[in-house]
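Asks: Pasting a structure here, questions to come.
2 protein chains.
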Amino acid sequence: MRLLTDEACRAGVATDRSGHRPATLPDGVVRATTVDDVVETLRWATENRTPVVTRGAGTGLAAGSSASAGEVVLDLSGMDRILDIRPDDQVAVVEPGVLTADLDAAAGVHGLFYAPDPASAAISSIGGNIATNAGGLRCAKYGVTREAVLGLDLVLADGRRLSTGRQTVKGVAGYDLTSLVVGSEGTLAVVVGATLRLRPRPLETATLAAHFDDVVAAAAAAAAITAARLQPSVLELVDSVTLEAVDAARGSALRSLGAAALVVQCDGRGAGAEIDAVAEVVGKFATTWRATTDPVEAEELLAARRAGLPALEATGDVFIEDVAVPRSKLAEAVSGIGEISARTGVRIATIAHAGDGNLHPIVVVERGGTVTQGPPWEAACAVFDLALRLGGTLTGEHGVGLLKRTWLKTELGEDSLDVQRGIKAVFDPLGILNPGKGI
Amino acid sequence: MRLLTDEACRAGVATDRSGHRPATLPDGVVRATTVDDVVETLRWATENRTPVVTRGAGTGLAAGSSASAGEVVLDLSGMDRILDIRPDDQVAVVEPGVLTADLDAAAGVHGLFYAPDPASAAISSIGGNIATNAGGLRCAKYGVTREAVLGLDLVLADGRRLSTGRQTVKGVAGYDLTSLVVGSEGTLAVVVGATLRLRPRPLETATLAAHFDDVVAAAAAAAAITAARLQPSVLELVDSVTLEAVDAARGSALRSLGAAALVVQCDGRGAGAEIDAVAEVVGKFATTWRATTDPVEAEELLAARRAGLPALEATGDVFIEDVAVPRSKLAEAVSGIGEISARTGVRIATIAHAGDGNLHPIVVVERGGTVTQGPPWEAACAVFDLALRLGGTLTGEHGVGLLKRTWLKTELGEDSLDVQRGIKAVFDPLGILNPGKGI
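This is the structure we're talking about:
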């Protein structure tokens, strides 16, 4: 085990993309490239009672892998091999540092795909996806990361190795330790390998972009698509603040078409017919819409969504929130966020996975400003409160991390937290795995 | 709390459909109709250190709800209300005693369906489905029970109430207690309510039945369907022993068409085109095949599968096994089961969910014979061993219950069981919930 302690190394692993800046640096970092490195690190940590913050690509948005003085960082980004792809079983076996998009590309060679697709797929790792139970755009149809993880290879806090789950699609022997570790944000065990489910890559896609007078009409159209029993693989809502930023960045005129947009994609056999049915529904609500089965034109229609975050990031520092509400409350949530922005004077753009009710309100502050305290944080907290009042959750897919921890008791209640702390103690009796994060 | 102690009541709740017959009867049974009944029963049980065996419709196949002297049974079959169906959110809220098919029918009124479909759907309850993480025919495409459960209302062993999960499609606040309780076979908590995910009911279906010279050709055809990236909602393999039983029961001549059959159903937009593609693949392996989009004709094609178990049950007492293997090992598994049958002289028929590698070898003994000891049980154990050697699991969807418990350590290992016992102790420190079952 080699603990790197020079300041540049420690500074490079001190936080993630949440905007959180710890006051101190971690004591050191181990760059693991083998399972043995992880075992050795955890044995040492147990012996020395030293907290370990496990880290993948560092793209988290809740400060789940931020680390401070007294802690060491276990960096798994170097464990980045795809160990096996078995097309007949539609299964991949990977190390945790593999980037999500790289796995998807490797699956593509066999006509398969890896369904979970966080917007960060090009830069986030499978291990981080597992730590947060990452979602993405295609979840309403294909499920989140948990539904794609069949089994895990773990190293426990004391350095013992443990395999969970199975290589089969079904299996119910014993408690579901796999699902328990998925989303546990590095607090239960260190994931050193994963057996993942792949799916047949859809042969056809069809795409539609529609514009609306206001966000209420766009949300109503999204609800009508669901009510019509259509099941797009992508159903994204983009608000006016985002459209303005995209126009400024790309020289487009999307905002002039309306104050909100929906981007819809259908896939699989009959995608063209399904998008026609979507168009028929959307047409009743939209100011204008366009559909295509041409992949190049599709990229243009998707631009309003894909270019949204980079365009906002070009205008300042951002804090990306991640609340989810029952699908029927989507319009109320987006309107409520607009009111919070107006009341607090904090700029908030909203992009939402309308298909599953997961909203990403994006708080934008001026460059170098702080997003995790003061008015921006108060606005963020008002959004948490709104989501809970609408029967929703603090976090749909980014995790609790450090930043949302104070809110967790409000959502879960003391009895639930008690049980969860009991489970934490079973896995990590000394409390050395990512203390102060997640639960 | 009213404890019924007359012998008829106790005898009626002593076991399930596994064929296991406990040597003694439980001490009594509480027929709960409200959450308060459950709370009161568990408080009493905690106070008196009395083990509680929770029971739904009693259709389990692993003796998971069998009960003996010293135990009381908590019968939830009377808590059978569908409390809410919210079509806009595609969510249902139910009590545990609701029969699976009743929920599906109620969802159908809104153009929705409940995707998990154990073959027992007409007689099994949602609570039992949750206890075993029940699967069924449509899992390869739509997932198992765990993927349909968004949240649970629980009563803990000491009578405290606890809600897990959420009303939203996505959510990652805290550990996934919901997934932990799904499949825990009544050993962690008593499920008194569930928030379930519904899906758009497919508008179209298309069905195909194909016959093959042998089971190896049928398995190869199933693998070729997967390799062609087709995703049927149903992909079932039926062996010659089953076909013979169906012929005897129905006067059909399916066995004369070949020694194995596949029944395939595609659904959703483009189902007809997808079944044509299936036919093209299957045609290379089959002796004969027939496809239809007509629902009445489809029922006839499905008969080979649907009539299989009742036809076998007409010939003797059955023990339905439930192993799963990686999909690529399906042919090897079916052939291996045939060899075990030949070697032991025990009659074993096999029906398999070929789409997900889950096999149901059905051990048939003469009426009144014992299936859980002697040669039939030895044959069953040989099948467990085969499944594990092929990289599979003891149980795909029926659970461990009482019957497979001695095999669990072989599959999971001691370290995993240690962690699971630790989790059990967090939920149920006195060990009063369904002791001796599951883990």
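Line order of the protein sequences matches chains C and F. Residue 442 is where the first sequence ends in the numbering used here, and the numbering goes up by one at each step. Residue 442 is where the second sequence ends in the numbering used here, and the numbering goes up by one at each step. Where a beta carbon is used, it is the ideal one built from N, C-alpha and C, also for glycine.
#1: If you reduce the DSSP assignment to three classes, tell me which class C/Glu400 lands in.
#2: What residues of chain F sit near C/Ser71, judged by a beta carbon separation below 8 Å?
#3: Which residue marks the beginning of the beta strand (DSSP E) containing C/Glu239, and which one marks its end?
#4: Residues of the stretch 156 to 168 of chain C in Cβ contact with chain F at a cutoff of 9 Å, in chain order, please.
#5: With a threshold of 8 Å on Cβ separation, who are the neighbours of F/Glu1 within its own chain once the five nearest residues in sequence on each side are excluded?
#6: Let me make sure I understand the geometry here. Which of C/Ala352, C/Gly131 and C/Gly358 has the alpha-carbon closest to that of C/Val366?
#7: If I measure Cβ to Cβ from F/Val41 and keep anything under 6 Å in the same chain, skipping five residues before and after, which residues do I get?
#8: In chain order, what residues of the stretch 354 to 382 of chain C put their CB closer than 9 Å to some CB of chain F?
#9: If we require 3 or more residues per run, which beta strand (DSSP E) segments fall completely within the stretch 184 to 272 of chain F?
#10: So for F/Ile442, helix, strand or coil by DSSP?
#11: Tell me, please, which residues DSSP counts as bridged to F/Thr291.
#12: How would you call C/Ala122, buried or exposed, if buried means at least 16 neighbouring beta carbons within 10 angstroms?
#13: So for F/Asn444, helix, strand or coil by DSSP?
#14: Pull up the distance between the alpha-carbon of C/Arg350 and that of C/Pro119, whole angstroms please.
#15: Which chain C residues sit within Cβ distance under 9 Å of F/Leu45?
#16: Extract the residue ranges of the alpha helix (DSSP H) inside the stretch 400 to 435 of chain F, only unbroken runs of 4 or more that lie entirely within it.
#17: In this structure, does DSSP put C/Leu115 in helix, strand or coil?
#18: Counting only beta-carbon separations shorter than 9 Å, does F/Gly394 have a partner in chain C?
#19: Using 9 Å as the limit for Cβ to Cβ distance, is C/Tyr117 near chain F?
#20: Among C/Glu247, C/Val147 and C/Leu6, which residue has its Cα nearest to the Cα of C/Ala314?
#21: Counting only beta-carbon separations shorter than 9 Å, does F/Cys142 have a partner in chain C?
#22: What does F/Asn437 touch in chain C if you count any residue whose Cβ is under 9 Å from its own?
#23: Looking only at DSSP bridge pairs, what is F/Phe322 linked to?
#24: Leaving out five residues before and five after C/Leu3 in sequence, what residues of the same chain have Cβ atoms less than 8 Å from its Cβ?
#25: Checking the sheet assignment: what are the DSSP bridge partners for F/His356?
#26: By DSSP, does F/Gly31 sit in helix, in strand, or in coil?
#27: Would DSSP call F/Leu333 helix, strand or coil?
#28: Compute the distance between the beta-carbons of F/Asp92 and F/Thr62, then report whether it is under 9 Å.
#29: Going straight from the alpha carbon of C/Pro379 to that of C/Glu324, what length do you get?
#30: Counting only Cβ pairs nearer than 8 Å, list the residues of chain C close to F/Gln93.
#31: Excluding the 5 residues preceding and the 5 following F/Arg13 in the sequence, name in chain order all residues of the same chain whose CB lies nearer than 7 Å to its CB.
#32: DSSP beta-bridge partners for F/Arg163?
#33: Please tell me whether C/Gly402 and C/Glu188 are closer than 9 Å, where the distance is taken between their beta carbons.
#34: Just to check my reading of the structure: C/Ala72 and C/Ser21 have Cβ atoms closer than 8 Å, yes? What is that Cβ distance to the nearest angstrom?
#35: How would you list, in chain order, the residues of chain F whose beta-carbon sits under 9 Å from the beta-carbon of C/Glu400?
#36: To test your reading of the DSSP string, which unbroken beta strand (DSSP E) runs of 3 or more residues are found completely within the stretch 60 to 89 of chain C?
Replies: By the coordinates alone:
#1: Indexing the first sequence from 1 puts residue 400 of chain C at position 397. If DSSP states are grouped into helix, strand and coil, C/Glu400 belongs with coil.
#2: The count along the first sequence starts at 1 and reaches residue 71 of chain C at position 68. None at all; the shortest Cβ gap to chain F is about 23 Å.
#3: As a first step, residue 239 of chain C must be located in the first sequence, where it is residue number 236. Per DSSP, C/Glu239 belongs to the beta strand (DSSP E) from Val237 to Asp242.
#4: Leu159, Arg163, Arg164, Leu165, Ser166 and Thr167
#5: Given a span of 4 to 442 for chain F in the structure shown, any question on residue 1 of chain F remains unanswerable.
#6: Within the first sequence, residue 366 of chain C is the residue found at index 363, counting from 1. It is C/Ala352.
#7: Residue 41 of chain F sits at position 38 when you count from the first residue of the second sequence. Here the set comprises Ala35, Val158, Val193 and Val195.
#8: His356, Gly358, Asp359, Gly360 and Asn361
#9: 193 to 200, 208 to 215, 237 to 242 and 263 to 270
#10: As a working mapping, residue 442 of chain F is identified with position 439 in the second sequence. In this structure, F/Ile442 counts as coil in the three-state DSSP scheme.
#11: As a working mapping, residue 291 of chain F is identified with position 288 in the second sequence. Answer by DSSP bridge pairing, in chain order: F/His214.
#12: In the first sequence, the residue the question calls residue 122 of chain C occupies position 119. Buried.
#13: The structure shown does not extend to residue 444 of chain F, since chain F spans only 4 to 442, so no value can be given for it.
#14: Numbered from 1 along the first sequence, position 347 holds the residue referred to as residue 350 of chain C. Numbered from 1 along the first sequence, position 116 holds the residue referred to as residue 119 of chain C. If you take the alpha carbons of C/Arg350 and C/Pro119, they lie about 30 Å apart.
#15: Counting from 1 along the second sequence, the entry for residue 45 of chain F is found at position 42. At a C-beta separation below 9 Å, F/Leu45 has no neighbours in chain C, since its nearest C-beta there lies roughly 14 Å away.
#16: 408 to 415 and 417 to 430
#17: To locate residue 115 of chain C, count along the first sequence from 1; it is residue 112. Strand.
#18: Indexing the second sequence from 1 puts residue 394 of chain F at position 391. Output row for F/Gly394: interface = yes.
#19: Numbered from 1 along the first sequence, position 114 holds the residue referred to as residue 117 of chain C. No, no contact with chain F.
#20: The residue you call residue 314 of chain C lines up with position 311 of the first sequence. Checking every option, the nearest Cα to that of C/Ala314 belongs to C/Glu247.
#21: Residue 142 of chain F sits at position 139 when you count from the first residue of the second sequence. So yes, F/Cys142 belongs to the interface.
#22: Residue numbering aside, residue 437 of chain F sits at position 434 when the second sequence is read from its first letter. Near F/Asn437 there are no residues of chain C at all, since even the closest Cβ is about 13 Å away, more than 9 Å.
#23: Within the second sequence, the letter at position 319 stands for residue 322 of chain F. Paired residue(s): F/Val366.
#24: This structure cannot speak to residue 3 of chain C, because chain C is shown only from 4 to 442.
#25: Counting from 1 along the second sequence, the entry for residue 356 of chain F is found at position 353. BP columns for F/His356 point to F/Glu239 and F/Asn361.
#26: The residue you call residue 31 of chain F lines up with position 28 of the second sequence. Reduced to three states, the DSSP call for F/Gly31 is strand.
#27: Locating residue 333 of chain F in the second sequence gives position 330, where the first residue counts as 1. F/Leu333: helix per DSSP, three-state reduction.
#28: As a working note, residue 92 of chain F is residue 89 in the second sequence. As a working note, residue 62 of chain F is residue 59 in the second sequence. No.
#29: Along the first sequence, one-based indexing puts residue 379 of chain C at 376. Along the first sequence, one-based indexing puts residue 324 of chain C at 321. Rounded to whole angstroms, C/Pro379 to C/Glu324 spans 11 Å at the Cα level.
#30: One-based indexing of the second sequence puts residue 93 of chain F at position 90. In chain order: Thr229 and Arg330.
#31: One-based indexing of the second sequence puts residue 13 of chain F at position 10. Within the same chain, F/Arg13 has close Cβ partners Leu28, Pro29, Gly31 and Val32.
#32: Within the second sequence, the letter at position 160 stands for residue 163 of chain F. DSSP output for F/Arg163 lists no bridge partner at all.
#33: Along the first sequence, one-based indexing puts residue 402 of chain C at 399. Along the first sequence, one-based indexing puts residue 188 of chain C at 185. Inclusion of C/Gly402 and C/Glu188 in the CB contact set at 9 Å is warranted, their separation being smaller than that value.
#34: What you label residue 72 of chain C is simply residue 69 of the first sequence in a count that begins at 1. What you label residue 21 of chain C is simply residue 18 of the first sequence in a count that begins at 1. Not confirmed; about 19 Å, so no contact.
#35: On the first sequence, residue 400 of chain C is found 397 positions in, with the first residue counted as 1. Per Cβ cutoff of 9 Å: Lys173, Gly174 and Val175.
#36: 75 to 78 and 85 to 89
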